[in-house]
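Note that the numbering used here has the sequence shown beginning at 465, numbered continuously upward. Ideal placement from N, C-alpha and C gives every residue a C-beta, glycine not left out.
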Amino acid sequence: MEHVYESALDAVGHTPLIRLSRVTDGISAPVYLKAEFLNPGGSVKDRAARHMVRAAEHDGTLRPGGVIVEGTSGNTGIGLAIVAAQRGYRAIVVVPDKTSTDKLAALRAYGAEVVVTASGVSRNDPAHVSQLARRIAEETPGAWFANQYDNPANPQAHVDTTGPEIWAQTDGRVTHYIAGIGTGGTVSGTGAHLKRVSDGRVRVIGADPESSTYGGGDGSPYYVESIGHYLHPDTADDVWPLSYHSEVLDAIERISDREAIAATRALARREGLLVGASGGAAVAAALRVARGLGPDDLVVVVAPDSGRNYLSKYFDDDWLLRNGFLDGDRTRPVLGDLV
Ligand code: PMP
Numbered sequence: 465m466e467h468v469y470e471s472a473l474d475a476v477g478h479t480p481l482i483r484l485s486r487v488t489d490g491i492s493a494p495v496y497l498k499a500e501f502l503n504p505g506g507s508v509k510d511r512a513a514r515h516m517v518r519a520a521e522h523d524g525t526l527r528p529g530g531v532i533v534e535g536t537s538g539n540t541g542i543g544l545a546i547v548a549a550q551r552g553y554r555a556i557v558v559v560p561d562k563t564s565t566d567k568l569a570a571l572r573a574y575g576a577e578v579v580v581t582a583s584g585v586s587r588n589d590p591a592h593v594s595q596l597a598r599r600i601a602e603e604t605p606g607a608w609f610a611n612q613y614d615n616p617a618n619p620q621a622h623v624d625t626t627g628p629e630i631w632a633q634t635d636g637r638v639t640h641y642i643a644g645i646g647t648g649g650t651v652s653g654t655g656a657h658l659k660r661v662s663d664g665r666v667r668v669i670g671a672d673p674e675s676s677t678y679g680g681g682d683g684s685p686y687y688v689e690s691i692g693h694y695l696h697p698d699t700a701d702d703v704w705p706l707s708y709h710s711e712v713l714d715a716i717e718r719i720s721d722r723e724a725i726a727a728t729r730a731l732a733r734r735e736g737l738l739v740g741a742s743g744g745a746a747v748a749a750a751l752r753v754a755r756g757l758g759p760d761d762l763v764v765v766v767a768p769d770s771g772r773n774y775l776s777k778y779f780d781d782d783w784l785l786r787n788g789f790l791d792g793d794r795t796r797p798v799l800g801d802l803v
């Protein structure tokens, strides 16, 4: 029986590819969106959460009845909370105090314990989400620190699932793969698999906020959430996560906030696809790449989560206005003709 699963965890992955047809006007290469927002927890991070837990169970660092600890304001916390709920673990998720009440409520709805700490502190500060999560894991009996940034099971989730899915769904015809870089797990793992099975033919392209240091930016802040690498003013070093394997990437497209938000809104209004701005940034990069390609090429681009998480941001005109993305006259959006 197709699409019948024995548990929520078994329903992770197997996401559809959806062809873009209107934002691709004038482009002859087919562009398909990998719809990761259709995962049970609403994001691509369900894959990494499930894999990291399975690996920790396998090597004995997480035992029955144990405690899963992670520091994240994002989708990984939800993914881990789902795995914890389904497999009978306690989950403690450390989040910065700027995290939206909706996200806190979602974590608690799955039964996770939420610890709120200071936001905007340097990575070396004991109050920083990752530092605090590490300490809680050290001090809690039976606890295991998931540590998605440096956990090899994060990219491996995509070597084992996302990559093979895309290869099978396209009958091996995929020629270009594009994804945003957060921890780097998605782009590195999927990219490594696609390169291996295509004998190096598939081009792997990262989508990165303009000022992020992955693509050579100065590390100054940007609006698009969950991707890129910025520098906290108190932290001199620019340490990239071990989950990011830059050697897998052939190129990085640097995308401005404006371009990412315009693409995000265009996907909703012209394709009926409500995705987050990391997906919008990836689609902006994919369209740039696809403009130089022909009908024999096939582009796959990842939409990591749903736009429902950002209705009060990128889809809210007042937010756009407050943050300088619209001029005073709302009938003349400066986001260009895509909106
Ligand atoms: N977009 C969203 C919405 C995410 O939550 C994440 C995970 N941080 C990413 C993109 C980046 O994925 P990865 O960590 O696998 O690079």
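Residue environment, residue i, which counts as buried when at least 16 other CB atoms sit within 10 Å
| i | result |
| --- | --- |
| residue 718 | buried |
| residue 803 | Caution is warranted here: a pLDDT of 48 is assigned to residue 803, below 50, making its placement in the model unreliable, and the coordinate value is therefore given only provisionally. Buried, by the Cβ-count rule. |
| residue 637 | exposed |
| residue 762 | buried |
| residue 487 | buried |
| residue 476 | buried |
| residue 457 | In this structure the chain extends from 465 to 803, so residue 457 is not present and cannot be described. |
| residue 494 | buried |
| residue 516 | buried |
| residue 667 | buried |
| residue 639 | buried |
| residue 775 | exposed |
| residue 467 | exposed |
| residue 777 | buried |
| residue 651 | buried |
| residue 565 | exposed |
| residue 471 | exposed |
| residue 504 | buried |
| residue 816 | Nothing can be reported for residue 816, as the shown portion of the chain is limited to 465 through 803. |
| residue 485 | exposed |
| residue 703 | exposed |
| residue 727 | buried |
| residue 617 | buried |
Beta-carbon proximity of residue i to residue j, cut-off 8 Å
| i | j | result |
| --- | --- | --- |
| residue 461 | residue 540 | A query on residue 461 cannot be resolved here, the shown segment of the chain reaching from 465 to 803 and no further. |
| residue 689 | residue 681 | no |
| residue 741 | residue 649 | no |
| residue 626 | residue 654 | yes |
| residue 594 | residue 542 | no |
| residue 579 | residue 554 | no |
| residue 721 | residue 669 | no |
| residue 496 | residue 753 | no |
| residue 788 | residue 768 | no |
| residue 628 | residue 707 | no |
| residue 724 | residue 642 | no |
| residue 614 | residue 583 | no |
| residue 745 | residue 644 | yes |
| residue 772 | residue 737 | no |
Residue i: first and last residue of the uninterrupted alpha helix (DSSP H) it sits in
| i | result |
| --- | --- |
| residue 713 | Premise fails: residue 713 is in no alpha helix (DSSP H) and is neither H nor E. |
| residue 659 | 649-661 |
| residue 723 | 721-735 |
| residue 477 | Taken as a continuous stretch (DSSP letters only), residue 477 belongs to no alpha helix (DSSP H), as it is neither H nor E. |
| residue 413 | The question about residue 413 has no answer, for the chain in this structure spans 465 to 803. |
| residue 630 | 627-633 |
| residue 521 | 509-522 |
| residue 546 | 539-551 |
Whole-Å CB distance - residue i paired with residue j, under 8 Å assumed
| i | j | result |
| --- | --- | --- |
| residue 449 | residue 587 | Shown here, the chain extends from 465 to 803; a query on residue 449 therefore has no answer. |
| residue 766 | residue 500 | 6 Å |
| residue 716 | residue 678 | 6 Å |
| residue 658 | residue 630 | 7 Å |
| residue 545 | residue 524 | Not really, about 22 Å apart at Cβ, beyond 8 Å. |
| residue 747 | residue 757 | Actually they are not in contact, since the Cβ atoms of residue 747 and residue 757 sit about 15 Å apart, beyond 8 Å. |
| residue 557 | residue 581 | That belief does not hold up - the Cβ atoms of residue 557 and residue 581 are roughly 11 Å apart, past 8 Å. |
| residue 606 | residue 529 | 7 Å |
| residue 779 | residue 729 | 7 Å |
| residue 514 | residue 547 | 6 Å |
N-terminal and C-terminal residue of the beta strand (DSSP E) that residue i is part of
| i | result |
| --- | --- |
| residue 557 | 554-560 |
| residue 672 | 667-673 |
| residue 704 | Per DSSP, residue 704 belongs to no beta strand (DSSP E) and is neither H nor E. |
| residue 502 | It is not in any beta strand (DSSP E) - residue 502 carries neither H nor E in the DSSP assignment. |
| residue 581 | 577-581 |
| residue 640 | 640-644 |
| residue 607 | 607-609 |
| residue 617 | Per DSSP, residue 617 belongs to no beta strand (DSSP E); it is in the alpha helix (DSSP H), 617-621. |
Beta carbon proximity, residue i to chain C, threshold 8 Å
| i | result |
| --- | --- |
| residue 618 | Absent from the structure: chain C. Only one protein chain is present. |
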